[in-house]
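Worksheet: the structure to be examined is printed underneath.
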Amino acid sequence: MSDTIKDEIKNFSEIAMARSGKQYLKISLHAIKNFAINHNLKIGEVEILALENGIVPERYQRNVGTIGINGQVRLLKSKIVIIGLGGLGGIVLELLARMGIGNIVVVDGDVFEESNLNRQLLCRENNLGLSKTEAAFERVKNINQGIEVDAHFTPIKEENVGEIIDRVDVVIDALDNIPSRFLVEKGAKKMGIPLIHGAVAGFTGQVLTIFPEDKGLQGIYGSKDNLPDSGIETGLGTPGIIPAMVGSWQAQEAVKIILKKGGLLRNRLLYIDGEKGTVEIINLNRKNRKGG
Numbered sequence: 033m034s035d036t037i038k039d040e041i042k043n044f045s046e047i048a049m050a051r052s053g054k055q056y057l058k059i060s061l062h063a064i065k066n067f068a069i070n071h072n073l074k075i076g077e078v079e080i081l082a083l084e085n086g087i088v089p090e091r092y093q094r095n096v097g098t099i100g101i102n103g104q105v106r107l108l109k110s111k112i113v114i115i116g117l118g119g120l121g122g123i124v125l126e127l128l129a130r131m132g133i134g135n136i137v138v139v140d141g142d143v144f145e146e147s148n149l150n151r152q153l154l155c156r157e158n159n160l161g162l163s164k165t166e167a168a169f170e171r172v173k174n175i176n177q178g179i180e181v182d183a184h185f186t187p188i189k190e191e192n193v194g195e196i197i198d199r200v201d202v203v204i205d206a207l208d209n210i211p212s213r214f215l216v217e218k219g220a221k222k223m224g225i226p227l228i229h230g231a232v233a234g235f236t237g238q239v240l241t242i243f244p245e246d247k248g249l250q251g252i253y254g255s256k257d258n259l260p261d262s263g264i265e266t267g268l269g270t271p272g273i274i275p276a277m278v279g280s281w282q283a284q285e286a287v288k289i290i291l292k293k294g295g296l297l298r299n300r301l302l303y304i305d306g307e308k309g310t311v312e313i314i315n316l317n318r319k320n321r322k323g324g
């Protein structure tokens, strides 16, 4: 990108005062859109250009206070796939879009039904029957037009998992059945991509971050050869509160992976029991040693 464009973007910025009393340069969404049109650039490209020149897009000002300018650039340059757009996936999508993940791939082969209204953020009375991927695309574009969204209206299967997760930084497992979880884990491990698993049942939920070398889902469910098609959520149901908690934690793990910052839930299963009001960390390595 030419030095002229880099210099010109400074003319679109203005001086602002942070809550700390420190001055900084900011740029409004309106100015970003105008600059993008004038220079035939994407909104996300302008946001990255601004940040790399010390100018903070106003929408990310509260992010930058925590993760810094370089951290926000990392998020904008990252790519995450969310597989499953139900109770978990809708929450993860919402939070990652607001954080500024620059490229999001969404995958689901279902349409909305009335039974989704209790817990699925993307589901509304006026979009029943709409594909979840279409709703996800619209939601992201209404939140952040700078994000590139790639929507796949299809169930995840062995024939497409490799293509879908190719060249992403993180895979989010927001699925509702165990065989598909193992399928996605196999694909992520094969391609060397971190996977963030989330599951809910009743007032309980769990989160686990899995890197290619980790034991992963087998440490929770046992051998994939002796698994039921569905988990206990089929019988216990899924009220809306726990999916929001688990999805939020999955989003947090994804951000930490991109930023290379903070402790991850690797080989440590986060288990939430909302009814008891407890949160536990289960050391899967310790459990495995005991069992062996």
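Sequential numbering of the sequence shown, starting at 33, is according to my numbering.
Each residue gets a CB set at the ideal place from its N, CA and C atoms; glycine is no exception.
A quick note: this is a predicted structure, and the numbers were derived from the prediction, not measured.
Whether residue i touches residue j by CB criterion (7 Å)
i      : j      : result
Val249 : Phe214 : The identity of residue 249 in the sequence shown is Leu, whereas the question assumes Val. Their beta carbons are under 7 Å apart, which means Leu249 touches Phe214 by this criterion.
Asp201 : Lys111 : yes
Ile136 : Val181 : yes
Glu90  : Ser45  : no
Asp246 : Arg298 : yes
Val232 : Ile188 : no
Leu240 : Ile210 : no
Pro226 : Phe243 : yes
Ile115 : Val278 : no
Leu154 : Ile123 : no
Phe138 : Leu117 : A small correction: the amino acid at residue 138 is Val; Phe does not occupy that position in the sequence shown. Contact flag set, yes.
Gly194 : Gly234 : no
DSSP three-state assignment for residue i, whether helix, strand or coil
i      : result
Lys247 : coil
Arg298 : strand
Ile188 : coil
Leu240 : strand
Asn317 : helix
Glu312 : strand
Ser45  : coil
Val181 : strand
Leu259 : coil
Gln152 : coil
Gly234 : coil
Ile274 : helix
Asp39  : helix
Ile225 : coil
Classification of residue i by the beta-carbon crowding that lies within 10 angstroms, buried from 16 upward
i      : result
Ile47  : exposed
Asp39  : exposed
Asp140 : buried
Thr98  : exposed
Asn315 : exposed
Gly324 : In this predicted model, Gly324 has a pLDDT of only 30, less than 50, meaning its place in the structure is not dependable; the value taken from the coordinates is given anyway. With fewer than 16 other Cβ atoms within 10 Å, it is exposed.
Leu290 : It is Ile, not Leu, that sits at residue 290 in the sequence shown. Label assigned to Ile290: buried.
Lys164 : buried
Ile145 : The amino acid at residue 145 is misidentified as Ile; the sequence shows Glu. Glu145 is exposed by the Cβ-count criterion.
Gly103 : buried
Cβ separation of residue i and residue j, assumed to be a contact under 8 Å, to the nearest whole Å
i      : j      : result
Ile304 : Gly254 : That pair is no contact at about 21 Å.
Lys109 : Ile87  : With a Cβ gap of about 17 Å, Lys109 and Ile87 do not count as contacting.
Met49  : Asn95  : Contact flag wrong, Cβ pair sits at about 18 Å.
Gly230 : Asp205 : 6 Å
Arg171 : Leu125 : 7 Å
Problem set entry | Any beta strand (DSSP E) of 3 or more consecutive residues that is wholly inside the region 64-150 | 87-89, 111-115, 135-139
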